[in-house]
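> Chains as they are written, first to last, in the numbering used here: chain A, 454 to 888; chain B, 357 to 453.
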């Protein structure tokens, strides 16, 4: 069981951090305006189109989980906004994944980096309205304080509002953000329309993760070529990874895309022979068995394992049983889904019942057959991706750990029999960054 | 004719799948999802219109002739993240956090 008590913060050995504090400072404080400007922050933007071209060349991918090309998003919202009489940019800091802490850390400790990226994005899409959307109270306060510090000239007439929402798994989904900013509840809507078509106030809206935005000031200062100095061609740059599990304190690392998973284990102090697998992308991208030891930390490598980097949250399983972890995550999805789509609230409840029965040594072959079928046919049947996250966990458990699953059919898992793992929010890191 | 199905409204009556089974599939609990991209060819207008009019919760909505904005030129329908055993996955990873 993972009870985290402290957060280690470090940049990958040998790299100058772009997202963590320069010099790798492990600071409890919030970076000040003067300090951020002193390092070259808030550079004037003379040519937004040129910067958009650099974003394109950089290959920057969204860091909220979907890895969508940032330049495509920026250009689409700008063009749609020109046709519709305005566009909106929303910095999404509502980090719903319990096992991820990077957005909260960025907003609390480097609000100016995020705001600098946000004003650059706003200029690129010619936004008429700009919002910061968060649930973490301390993050909201840090952003408000930062906004009060910034010279008006730096924002060039841009008015940025901060909206807070009650935290929940689904509140961070982009249509939930749009719905809140339009005065509704923090629950996703079905598509179409997608926010880039019609979002806040009916205008084309770019909802962008705060880590993605935090990459823009570096790109603005140094250009695409230097940006690509870290990472690999299809996953350029660095990313923030929240590492939990393995009985170690949680860590937030800035990692160049493409490094080997085993190198991460070395940095984190986990012997490779103790690793049973990982839970990827927060709770979203499912389980991977020891094949993860041959993977590199980039989108392509993890896609080959039918998984994904997602928001960069990786929980390492050593003593924890994959069946018990899957059962905990599925129960979480059962509790935390929006309760809107029938396929989702029924499907997560049904898959949760089977995975819990499997953990408790009570499942039958018929139960497993049903779980396997649901893990396939329920995909794509929800308005948001919550149900897809649940099917990912079910499918990956069955495909990646067939022998472990078979042993549970015979109630042969000692750890599960003793109830060793029953976390309500497995690998949660909220504890190390309390509200 | 272009339609969408709002799955947050669907209450699982299943009338749509009776009238137009090629366009509406039901899950194990009777809740519907739209098959295809919502474009309905002329020969199926009648059946789909019956489904639309008979839906007790008005979860099927006919889209207007114009859109607020066209979709992006990029491959937005293509999920760049995991396809775990997804033969017919039409949802893109909707979470942008």
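Note that CB positions come from ideal geometry on N, CA and C, so glycine has one too.
Using the three-state DSSP reduction, which class does residue 584 of chain A fall into: helix, strand or coil?
Locating residue 584 of chain A in the first chain gives position 131, where the first residue counts as 1. Of the three classes helix, strand and coil, the one that applies to residue 584 of chain A here is strand, per DSSP.
> Can you check whether the CB of residue 795 of chain A is closer than 8 Å to the CB of residue 387 of chain B?
Residue 387 of chain B sits at position 31 when you count from the first residue of the second chain. Residue 795 of chain A sits at position 342 when you count from the first residue of the first chain. Yes, the Cβ-Cβ distance between residue 387 of chain B and residue 795 of chain A is below 8 Å.
> Taking the straight line between their C-alpha atoms, what separation do you get for residue 517 of chain A and residue 628 of chain A?
To locate residue 517 of chain A, count along the first chain from 1; it is residue 64. To locate residue 628 of chain A, count along the first chain from 1; it is residue 175. Taking the straight line from one Cα to the other gives about 13 Å.
> Starting from residue 749 of chain A, trace the beta strand (DSSP E) in both directions and tell me its first and last residue.
Counting from 1 along the first chain, the entry for residue 749 of chain A is found at position 296. Run containing residue 749 of chain A: none; DSSP gives neither H nor E here.
> Run through the DSSP bridge pairs and tell me what residue 668 of chain A is partnered with.
By 1-based counting over the first chain, the position of residue 668 of chain A is 215. Bridge partners of residue 668 of chain A: none, in fact.
> In chain order, which continuous runs of the alpha helix (DSSP H) of length 4 or greater are located wholly inside the region 532 to 606 of chain A?
Segments of the alpha helix (DSSP H) lying fully in the region 532 to 606 of chain A: 555 to 562, 564 to 577 and 590 to 602.
> Does any CB atom of chain A fall closer than 8 Å to the CB of residue 360 of chain B?
In the second chain, residue 360 of chain B corresponds to position 4, counting from 1. True, the Cβ-Cβ gap to chain A drops below 8 Å.
> Rounding to the nearest angstrom, what Cα-Cα distance links residue 843 of chain A and residue 785 of chain A in this structure?
Here residue 843 of chain A refers to the residue found at position 390 of the first chain. Here residue 785 of chain A refers to the residue found at position 332 of the first chain. Cα to Cα, residue 843 of chain A sits roughly 9 Å from residue 785 of chain A.
> With H, G and I counted as helix, E and B as strand and the rest as coil, what does DSSP make of residue 432 of chain B?
Locating residue 432 of chain B in the second chain gives position 76, counting from the first residue. Reliability of the predicted coordinates at residue 432 of chain B is poor, the pLDDT of 44 falling under 50, and no value is obtained from them.
> Report the rounded CA-to-CA distance for residue 867 of chain A versus residue 827 of chain A, giving the unit in angstroms.
In the first chain, the residue the question calls residue 867 of chain A occupies position 414. In the first chain, the residue the question calls residue 827 of chain A occupies position 374. Each residue's alpha carbon lies about 28 Å from the other.
> Using 8 Å as the threshold, is the region 797 to 811 of chain A in touch with the region 586 to 606 of chain A, meaning 3 or more CB pairs across them?
No contact exists between the region 797 to 811 of chain A and the region 586 to 606 of chain A.
> Please state the DSSP three-state secondary structure of residue 720 of chain A.
Your numbering for residue 720 of chain A matches position 267 in the first chain. Correct three-state label for residue 720 of chain A: helix.
> Under the rule that 16 or more other beta-carbon atoms within 10 Å means buried, what is residue 475 of chain A, buried or exposed?
Translated into positions along the first chain, residue 475 of chain A becomes position 22. Exposed.
> To which residues of the same chain is residue 531 of chain A closer than 7 Å at the C-beta, ignoring the five residues directly before and after it?
Mapped onto the first chain, residue 531 of chain A falls at position 78. Taken in chain order, the residues that qualify are 540, 577, 578 and 579.
> Flag this pair as touching only if the region 717 to 731 of chain A and the region 648 to 657 of chain A have three or more C-beta atom pairs under 8 Å; answer yes or no.
They do not touch, by the three-pair rule.
> What's the gap between the Cα of residue 769 of chain A and the Cα of residue 688 of chain A?
Working through the first chain from its first residue, we reach residue 769 of chain A at position 316. Working through the first chain from its first residue, we reach residue 688 of chain A at position 235. The straight-line gap from Cα to Cα measures roughly 22 Å.
> Kindly list the residues whose CB is nearer than 7 Å to the CB of residue 467 of chain A, restricted to its own chain and excluding five residues on each side of it in sequence; keep chain order.
Position 14 of the first chain, counted from the start, is the residue given in the question as residue 467 of chain A. So the list is empty, once near-sequence residues are dropped.
> Where in the region 662 to 707 of chain A do unbroken runs of the alpha helix (DSSP H), each at least 4 residues long, occur, reported from the N-terminal end onward?
Within the region 662 to 707 of chain A, the complete alpha helix (DSSP H) runs of at least 4 residues are 663 to 667 and 669 to 680.
> Exposed or buried, residue 619 of chain A, counting other C-beta atoms within 10 Å across all chains shown (16 or more means buried)?
If you number the first chain from 1, residue 619 of chain A lands on position 166. It counts as exposed.
> Can you confirm whether residue 715 of chain A, when its beta carbon is compared against all beta carbons of chain B, has any partner nearer than 8 Å?
Here the question's residue 715 of chain A lines up with position 262 in the first chain. No, residue 715 of chain A does not count as interfacial toward chain B.
> Nearest to residue 783 of chain A by CA position, among A:538, A:841 and A:610, is which residue?
The residue given as residue 783 of chain A occupies position 330 in the first chain. Minimum Cα distance to residue 783 of chain A is reached at A:841.
> Check the Cβ of residue 406 of chain B against every Cβ in chain A and list those closer than 7 Å, keeping chain order.
Here residue 406 of chain B is taken as the residue at index 50 of the second chain, counted from 1. Neighbours of residue 406 of chain B on chain A: none; closest Cβ ~22 Å, over 7 Å.
> Taking the beta strand (DSSP E) that residue 731 of chain A falls in, what are its first and last residues?
Within the first chain, the letter at position 278 stands for residue 731 of chain A. Where residue 731 of chain A is concerned, the enclosing beta strand (DSSP E) stretches over 730 to 733.
> Determine the DSSP secondary structure at residue 358 of chain B, reduced to helix, strand or coil.
The residue given as residue 358 of chain B occupies position 2 in the second chain. Residue 358 of chain B: strand per DSSP, three-state reduction.
> Nearest to residue 608 of chain A by CA position, among A:526, A:777, A:582 and A:563, is which residue?
Mapped onto the first chain, residue 608 of chain A falls at position 155. Nearest option by C-alpha distance: A:582.
> Using only alpha-carbon positions, find the residue among A:767, A:731 and A:500 that is nearest to residue 773 of chain A.
What you label residue 773 of chain A is simply residue 320 of the first chain in a count that begins at 1. Closest by alpha carbon: A:731.
> Closer than 7 Å by C-beta to residue 845 of chain A: which residues in its own chain qualify, once you throw out the five before and the five after it? Chain order, please.
Within the first chain, numbered from 1, the residue matching residue 845 of chain A stands at position 392. These residues qualify, in order along the chain: 737, 738 and 739.
> What residues match up with residue 418 of chain B in a beta bridge as DSSP calls it?
Looking up residue 418 of chain B in the second chain gives position 62. According to DSSP, residue 418 of chain B bridges with B:359.
> Under 8 Å, Cβ to Cβ, is there at least one residue of chain B near residue 460 of chain A?
What you label residue 460 of chain A is simply residue 7 of the first chain in a count that begins at 1. For residue 460 of chain A, the answer is no, since every Cβ of chain B falls outside 8 Å of its Cβ.
> Should the region 760 to 767 of chain A be called in touch with the region 547 to 560 of chain A, which here means at least 3 C-beta pairs below 8 Å?
Flag = yes, the region 760 to 767 of chain A and the region 547 to 560 of chain A touch.
> So what does DSSP say about residue 760 of chain A, is it helix, strand or coil?
If you number the first chain from 1, residue 760 of chain A lands on position 307. DSSP places residue 760 of chain A in coil when its eight states are reduced to three.
> Classify residue 471 of chain A as buried or exposed, calling it buried when 16 or more other Cβ atoms lie within 10 Å of its own Cβ.
Stepping through the first chain from its first residue, residue 471 of chain A is reached at position 18. Residue 471 of chain A comes out buried.
> On the criterion of 16 or more Cβ atoms from any shown chain inside 10 Å, does residue 392 of chain B qualify as buried, or is it exposed?
Residue mapping note: residue 392 of chain B aligns to position 36 of the second chain, counting from 1. When all chains shown are included, residue 392 of chain B counts as exposed.
> Three-state secondary structure (DSSP) at residue 819 of chain A?
As a working note, residue 819 of chain A is residue 366 in the first chain. Note: residue 819 of chain A maps to helix in three-state DSSP.
> So that I know if they touch, is there some Cβ in chain A lying closer than 8 Å to that of residue 372 of chain B?
Here residue 372 of chain B corresponds to residue number 16 of the second chain, with the count starting at 1. Answer no: the Cβ-Cβ gap between residue 372 of chain B and chain A never drops below 8 Å.
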